[in-house]
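Student: The opening residue of the sequence shown carries number 1 in this note's numbering; numbering runs sequentially from there.
Note that beta-carbon positions come from the ideal geometry of N, C-alpha and C, so glycine has one too.
Quantities reported herein were computed from a predicted structural model and do not represent experimental measurements.
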Amino acid sequence: MEFLSVALGGAIFVLGVIAGIGPQNLNTMTHAIRRNHEYAVATTCFLADAVLILLGGIGLALSGAKWFLLLINVVGVLFLSYYLWLKIRSLNKPHEVKFSNTILDKKTAIFRALALTWLNPLVFVDTIIVIGGASTHYSGALHVAFMIGALLGDFVWLFGLTLISRTYAEKLNRPGVWLIIDISTIILVAYVLIKMISFFFA
């Protein structure tokens with residue numbers, strides 16, 4: 001039961017970290033709205049994220065240096081605090097996103113998805129520092145549970161985003177929709193931030 005609880009917590013944690021419209025998610029939505037190799041793009045993003053999540057989770061767990069793990073977690077808390085502040089501040093701005101009309105061939109779409117994942121420093125912060133750092137608070141089977149949950153959360157987000165964007169393309173660029181998305185993101189990020197801070201007192 002504890003295994004499932006930690007796995008679910010890992011999934012929710014990851015959703016809080018990756019939810020929001022950054023370069024990777026915007027590109028994923030664009031391909032889904034245009035119906036332009038959208039599932040190939042979602043799969044590419046998931047596999048690219050999975051590599052980084054596993055590198056962070058396994059690498060940090062094996063490092064064993066307590067001062068380094070503490071530093072990673074402090075950086076994660078600072079980053080999430082800053083990101084939360086940016087999202088709250090953005091509530092006063094117009095809630096619209098412009099999607100590109102460019103149609104790409106499959107190979108180009110995949111390489112672009114990889115570039116927007118692996119060449120984006122914020123993705124490394126999200127996956128290796130924040131998610132990887134959180135995973136170090138578990139050991140043994142529970143560490144595995146958290147990592148499984150993290151991968152599941154990433155999968156659900158990317159393919160859910162693709163399916164919703166593909167299905168409701170015409171309704172997605174309404175300001176009210178984006179306001180709801182931003183508020184939901186703020187709630188999730190706040191949850192993740194509180195969770196990370198609580199690790200220091202565990």
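Please report the straight-line C-alpha distance between residue 57 and residue 123, rounded to a whole angstrom.
Tutor: Linking residue 57 to residue 123 through their CA atoms gives a straight-line distance of about 14 angstroms.
Student: Look up residue 19 in the DSSP assignment and say whether it is helix, strand or coil.
Tutor: coil
Student: Have a look at residue 130 and residue 75 and give me their C-alpha separation to the nearest angstrom.
Tutor: 8 angstroms
Student: For residue 139, name the three-state secondary structure that DSSP assigns.
Tutor: Residue 139 carries a coil assignment under DSSP once its states are collapsed to helix, strand and coil.
Student: Going by DSSP, what residue range makes up the alpha helix (DSSP H) through residue 106?
Tutor: In the DSSP assignment, residue 106 falls within the alpha helix (DSSP H) that extends over 106–118.
Student: How big is the Cα-Cα spacing for residue 198 and residue 73?
Tutor: Taking C-alpha positions only, residue 198 is separated from residue 73 by approximately 11 angstroms.
Student: Is residue 1 helix, strand or coil by DSSP?
Tutor: coil
Student: Just to confirm the assignment, what range does the alpha helix (DSSP H) spanning residue 122 have?
Tutor: Residue 122: member of the alpha helix (DSSP H) spanning 121–124, first to last residue.
Student: Distance, Cα to Cα, residue 38 vs residue 201?
Tutor: 42 angstroms
Student: Nearest to residue 49 by alpha carbon, out of 137, 127, 13?
Tutor: Nearest option by C-alpha distance: 127.
Student: Looking at residue 162: is its Cβ nearer than 8 angstroms to the Cβ of residue 19?
Tutor: no
Student: Leaving out five residues on either side along the sequence, give the residues of the same chain with a beta carbon under 8 angstroms from the beta carbon of residue 88.
Tutor: 186
Student: Using the C-alpha atoms, what's the distance from residue 40 back to residue 106?
Tutor: 8 angstroms
Student: Among residues of its own chain, excluding the 5 on either side of residue 23, which ones have a beta-carbon nearer than 7 angstroms to its beta-carbon?
Tutor: 116, 120
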